[in-house]
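Presented below is the structure to which this report refers.
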Amino acid sequence: MKLTCSKDLLLQYINIVNKAVSNRTTLPILECILLTANERGFIMTGNDLEIGIRTAPIEAEIQEAGEVAIEARIFNEIVRRLNGESRDD
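The opening residue of the sequence shown carries number 1022 in the working numbering; numbering runs sequentially from there.
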């Protein structure tokens, strides 16, 4: 998966989806945000088995489609520390 998106927009949607991500669970996948980039757009999903939040397609330029689950806390920290410039990493 490869895409370009505004840092502020990412943080806004991470904060929304985090409301459905479990902090303490015996199922580590519930501590993750599912990131999906495809022909329909870029979507984030969080779920704690009681509530689930899926964003509407987020404005992003998708170069390569894909899907990944990343720990919400770590993803939030990474995005917050970005300097706002475009990254190809």
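Here a beta-carbon is modelled for each residue, glycine too, at the ideal position from N, C-alpha and C.
Residue from the options whose Cα sits closest to the Cα of residue i
i	options	result
residue 1043	1091, 1102, 1103	1091
residue 1035	1079, 1060, 1104	1079
residue 1048	1060, 1084, 1069	1069
residue 1084	1076, 1077, 1060, 1033	1060
Presumed contact (8 Å Cβ cut-off) between residue i and residue j, rounded CB distance
i	j	result
residue 1025	residue 1098	Going by Cβ atoms, the distance from residue 1025 to residue 1098 rounds to 20 Å, so no, they are not a contact pair.
residue 1040	residue 1074	6 Å
C-beta atoms of residue i and residue j nearer than 7 Å
i	j	result
residue 1058	residue 1093	no
residue 1100	residue 1030	no
residue 1054	residue 1065	yes
residue 1038	residue 1067	yes
residue 1103	residue 1023	no
Strand pairing of residue i, partner residues [DSSP]
i	result
residue 1088	1057
residue 1066	1055, 1075
Residue i versus residue j: straight-line alpha-carbon distance, rounded
i	j	result
residue 1033	residue 1077	13 Å
residue 1046	residue 1088	22 Å
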